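According to the working numbering, the stretch in the sequence shown is residues 29 to 129, in order. Positions of the beta carbon are idealized from the N, C-alpha and C atoms, including for glycine. The structure displayed is predicted, hence computed values, not measured ones. Worksheet: one structure, shown below.
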Amino acid sequence: MTSINVMGVPYTLELVDVVDDQDDTIIGRVVFEEQKIQVRSSMGPEAVRATVLHELIHAIDNECNLGRNGHLPEAIVSRVASSLFITLALNPSLAKRLFDV
Ligand SMILES: [Zn+2]
Numbered sequence: 029m030t031s032i033n034v035m036g037v038p039y040t041l042e043l044v045d046v047v048d049d050q051d052d053t054i055i056g057r058v059v060f061e062e063q064k065i066q067v068r069s070s071m072g073p074e075a076v077r078a079t080v081l082h083e084l085i086h087a088i089d090n091e092c093n094l095g096r097n098g099h100l101p102e103a104i105v106s107r108v109a110s111s112l113f114i115t116l117a118l119n120p121s122l123a124k125r126l127f128d129v
């Protein structure tokens, strides 16, 4: 379990065997009431990282009210997450420069 500071709010990141026992297509989610991000651990490392980033955007949306009158649409979160993940993956020196503090 890892702690993540999301805009001043502590979230926990949990890599779990099963995210949703009613729906095995769910690979990640944010439990907003518990400030918890859960991601399926059985995926490859790149899929785990991409899913963590996706769920992190949901958490940021929740804390910053990006969607104004509710959460951002899933399609927007998916596009932002995947384009950001790909851009950072294609530019590792940029990612290092941005985050190597
Ligand atoms: Zn999502």
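Backbone CA spacing between residue i and residue j [nearest angstrom]
i       : j       : result
Phe-127 : Leu-112 : 14 Å
Ala-75  : Ser-106 : 13 Å
Ala-103 : Asn-97  : 16 Å
Val-58  : Ile-114 : 22 Å
Val-56  : Tyr-39  : Looking at the sequence shown, residue 56 is not Val but Gly. Between Gly-56 and Tyr-39, the C-alpha separation is close to 14 Å.
Phe-60  : Leu-122 : 31 Å
Asp-49  : Asn-119 : 37 Å
Asp-51  : Met-29  : 23 Å
Any non-hydrogen atom of ligand 1 closer than 8 Å to residue i Cβ
i       : result
Val-108 : no
Val-80  : no
Val-76  : no
Glu-83  : yes
Val-47  : no
Val-59  : no
Val-34  : no
Val-105 : yes
Paired residues, beta bridge with residue i - DSSP
i       : result
Lys-64  : Thr-40, Val-59
Asn-97  : Partner(s): none; Asn-97 has no beta bridge.
Thr-216 : An answer regarding residue 216 cannot be provided, because it is not within the stretch 29 to 129 covered by the chain.
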